[in-house]
Amino acid sequence: MSPPRDTWKKPPLIANTTLRWAVYLSAIAYFGWVSLSMPIDWNRVAEGIGRAGKIFGGAFPPSFERSELLIDGFLESLKIAVLATAGGVLLSIPIAFMSASNMAPRPVFYLGRAIIIIARSFHPIIVAILFVKAVGFGPFAGVLTLIVYSIGFVAKMLAERIEEIDFGQVEAMRAAGAPYLSTLFYAIFPQIMPRQIGLTIYQLDSNLRASAIVGLVGAGGIGATLANAFGRYDYDFALAITIVIVGAILVSEAISGIIRKRIQ
Amino acid sequence: MLKITNLVKRYGGGDPVLKNLDLSIAGESVVSIIGSSGAGKSTLLRCINRLVEPTSGSINLNGTELTSLRGKNLRLARRKIGMVFQGFNLVDRLTVMENVQSGRLGYISTWAAMTRRYPKEDIRRAFELMERVGIAHYADTRADQLSGGERQRVGVVRALMQDPDILLADEPTASLDPKTSEQIMGLLRDLAGELKLPVVINIHNVTEAKEYTDRIVGMRYGRIIFDDKPAMLDQAAMDEIYAGSPHADRSGEMADAV
């Protein structure tokens, strides 16, 4: 009988030696080619640093002179975020039920998942560009964009929660002869409600952030104010706007954190 | 009167879980079904209220053929079949009263259910039954605050709120400690007598089956191989119910088929 082995090596991720080395080498080769073929013009980098210095020099001190514009922009962003959250969350609930494999028949399930995948696959900026083209500049385009954005996130997370509910409660309602909607209200909603509230608050927070970004492409709100300030080289005003955005996001994050802790 | 004839349940293409099973339960008797895990006890019970779809055969409750019902008629029939579950299946985040009233969901409109506007007589009945099993003071408490025994009492009251013609209990004491388990079994027996209600109980604990029920049905691999008074359940019958492997049973069946 041979003595017990005293060496052991972790089996490689790719068992085939030839394939393994081929993968490694082609990865290295690709990185080399990418870094050599990417046009980086160091002169322009040097110039850019100077220009960045000018921008920051112009931005200090931040100017709150036109605070009316700032407040209007900010309030519009808040309105966009609130409306988009309400609309997005309301639409997300039926879509989440459609996309939960334990609730919906197969074809409906695939339709629901398709809606979520489409809503998720485009960054809000791209969706905003489309909506600005479709309905014109202004906050309405922003609201539509963020509704799509909210559906992508809320419906997906909610569908996952619905898939992991305790089905025994549903079974108990069925055994009592409860109709479909009553079963929904008694056995399913109580189980998903805490998650639903948490997601709504998170999404409001997230929409407030995103509403500043989609404004840059013309979808209204404080982002539009910021884009205008940059366009007119008012860097000091732009910095003021940026400070307000950061402040608002910090505040909304703190508030949503407190609320989410409460409803656990 | 519950009359099951020639009931077959097959999951997928495999060996049937229930094999041409016949069983009648008349009057207000308390019947326990015993048998090892996988014998088909739970499937049998769930076929009666159609939580599990029978493959073939007939289940007749007081003149209604249950196997062919669909949609609204199925819901109306289910209202008359109460069920108590092993894991209680209470809605944890709702109050005890809401859980108890959920037994009436088949009777009241969805709107009344959503707005919690329960009929007066339902509320009165709920307090009566909760008083009877000793949980009336918990009416406003959330269901997840209760102990196991208390939770199962809520489960029993919920089933009784349906005003059922028969009560099915699927391992109602398997999640409980021995003492609580005996209390629940005693409660089921007493309520069956008080409400003149036939009760069918799946149970693993043979001692409790003997003590609290009028009739014992022993199942093995989808067949009923014992059906008699508890006193008649001797060691030989026990061995037959709990011994043997599925393999031995199946090969026997193969021999039959040949």
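Same order as they appear, the protein sequences are chains A and B.
At position 4 of the first sequence the residue is numbered 4 (our numbering), and the sequence of numbers has no breaks.
Numbering-wise, our numbering comes out as the position in the second sequence, counting from 1, plus 264.
For every residue, glycine included, the Cβ atom is placed at its ideal position computed from N, Cα and C.
Nearest-angstrom Cβ-Cβ length linking residue i and residue j, presumed shorter than 8 Å
{"i": "P179/A", "j": "T374/B", "result": "6 Å"}
{"i": "M483/B", "j": "A303/B", "result": "4 Å"}
{"i": "I524/B", "j": "L266/B", "result": "Since the first residue shown for chain B is 265 and the last is 522, residue 524/B is missing from the structure and cannot be characterised."}
{"i": "R406/B", "j": "R357/B", "result": "7 Å"}
{"i": "T145/A", "j": "A219/A", "result": "6 Å"}
{"i": "R339/B", "j": "G299/B", "result": "In fact, because the Cβ distance is near 30 Å, the residues do not count as touching under 8 Å."}
{"i": "P139/A", "j": "G221/A", "result": "6 Å"}
{"i": "F185/A", "j": "A456/B", "result": "Wrong, their Cβ atoms sit about 31 Å apart, outside the cutoff."}
Status (buried if at least 16 other CB within 10 Å, exposed otherwise) for residue i
{"i": "N16/A", "result": "exposed"}
{"i": "V246/A", "result": "exposed"}
{"i": "R20/A", "result": "exposed"}
{"i": "E362/B", "result": "buried"}
{"i": "S35/A", "result": "exposed"}
{"i": "N466/B", "result": "buried"}
{"i": "D434/B", "result": "buried"}
{"i": "G57/A", "result": "exposed"}
{"i": "I71/A", "result": "exposed"}
{"i": "K10/A", "result": "exposed"}
{"i": "T7/A", "result": "exposed"}
{"i": "Q196/A", "result": "buried"}
{"i": "E414/B", "result": "buried"}
{"i": "V364/B", "result": "buried"}
{"i": "N353/B", "result": "buried"}
{"i": "S332/B", "result": "exposed"}
{"i": "Q426/B", "result": "buried"}
{"i": "I14/A", "result": "exposed"}
{"i": "E171/A", "result": "buried"}
{"i": "K305/B", "result": "buried"}
{"i": "K261/A", "result": "exposed"}
Cβ shell of residue i (< 8 Å), same chain only, five flanking positions each side left out
{"i": "V522/B", "result": "Its pLDDT being 37, under 50, V522/B is placed unreliably in this model, and the value from its coordinates should be taken loosely. Within the same chain, V522/B has no close Cβ partners at all."}
{"i": "L204/A", "result": "A81, V82, T85, S252, S256"}
{"i": "F391/B", "result": "A400, A403"}
{"i": "F167/A", "result": "N102"}
{"i": "I488/B", "result": "L285, D286, L287, V481, G482"}
{"i": "I192/A", "result": "L158, R161, I162, I165"}
{"i": "V244/A", "result": "L70, F74, I222"}
{"i": "N337/B", "result": "none"}
{"i": "I116/A", "result": "I95, S99, I151, G152, A155, K156, A159"}
Cutoff 6 Å; reference residue i; Cβ partners in own chain excluding five residues on either side
{"i": "R417/B", "result": "V397, I399"}
{"i": "P494/B", "result": "K474, I480"}
{"i": "E68/A", "result": "none"}
{"i": "S296/B", "result": "I465, I467, A473, T477, I480"}
{"i": "M518/B", "result": "The predicted position of M518/B is uncertain, since its pLDDT is 45 and thus under 50; a value taken from the coordinates is nonetheless stated next. Excluding sequence neighbours, M518/B sits near nothing in its chain."}
Cβ neighbours of residue i in the same chain (closer than 7 Å, five flanking residues each side left out)
{"i": "T307/B", "result": "K273, V281, L282, V316"}
{"i": "I249/A", "result": "L208, R209"}
{"i": "R514/B", "result": "Low local confidence applies: a pLDDT of 49 at R514/B is under 50, so the model's placement there is unreliable, with the coordinate-based value given in what follows. So the list reads D279, once near-sequence residues are dropped."}
{"i": "S101/A", "result": "F109, E163"}
{"i": "A423/B", "result": "G346, M347, V348, G367, L431"}
{"i": "A507/B", "result": "none"}
{"i": "I259/A", "result": "I201"}
{"i": "Y235/A", "result": "I55, G58, A59"}
{"i": "V148/A", "result": "A119, V127"}
{"i": "M449/B", "result": "T437, E472, Y476"}
{"i": "A238/A", "result": "A59, L226, A229, F230"}
{"i": "G32/A", "result": "none"}
{"i": "G412/B", "result": "S439, L440, T444"}
Partner residues on chain A for residue i, Cβ-Cβ distance less than 9 Å
{"i": "M347/B", "result": "E171, A172, A175, A176"}
{"i": "I357/B", "result": "At residue 357/B the sequence reads Arg, which differs from the Ile that was named. Here the neighbours are P190, Q191, M193, P194."}
Contact set between residue i and chain B, taken where Cβ atoms lie within less than 9 Å
{"i": "S252/A", "result": "Result: empty, since nearest Cβ-Cβ is about 27 Å, beyond 9 Å."}
Closer than 7 Å at the beta carbon, the chain A residues around residue i
{"i": "G351/B", "result": "G168"}
{"i": "V420/B", "result": "Correct list: empty, because the minimum Cβ distance to chain A is about 12 Å."}
{"i": "R406/B", "result": "Neighbours of R406/B on chain A: none; closest Cβ ~10 Å, over 7 Å."}
Near the ligand FAD: residue i beta-carbon under 8 Å from a heavy atom
{"i": "R260/A", "result": "Summarising the ligand content, the structure contains no ligands, and the ligand FAD is consequently not present."}
Contact list for residue i against chain A, beta-carbon separation under 8 Å
{"i": "V281/B", "result": "The premise fails here: V281/B is roughly 18 Å from chain A at the closest Cβ pair, so nothing lies under 8 Å."}
{"i": "R334/B", "result": "The contacting residues do not exist; R334/B stays about 13 Å from chain A at best."}
{"i": "L340/B", "result": "G177"}
{"i": "R343/B", "result": "A176, G177"}
Going along the chain, which residues of the segment 365-393 of chain B sit with their C-beta nearer than 7 Å to a C-beta in chain A?
For the segment 365-393 of chain B, which is checked against every Cβ of chain A, the residues closer than 7 Å are S366, G367, L369, G370, T374, A377, M378.
Interface positions of the segment 157-176 of chain A facing chain B (Cβ-Cβ less than 7 Å), listed along the chain:
G168, Q169, E171, A172, M173, R174, A175, A176
Residues, ordered as in the chain, of the segment 298-320 of chain B that lie near chain A by beta-carbon distance below 8 Å
N313, L315
Between the segment 423-434 of chain B and chain A, which residues of the former have a C-beta closer than 7 Å to a C-beta of the latter?
Q426
Which residues, taken in chain order from the segment 471-501 of chain B, show a beta carbon closer than 8 Å to some beta carbon of chain A?
none
Selection of the segment 176-191 of chain A by Cβ proximity to chain B, strictly under 8 Å:
A176, G177, A178, P179, L181, S182, T183, F185, Y186, A187, P190, Q191
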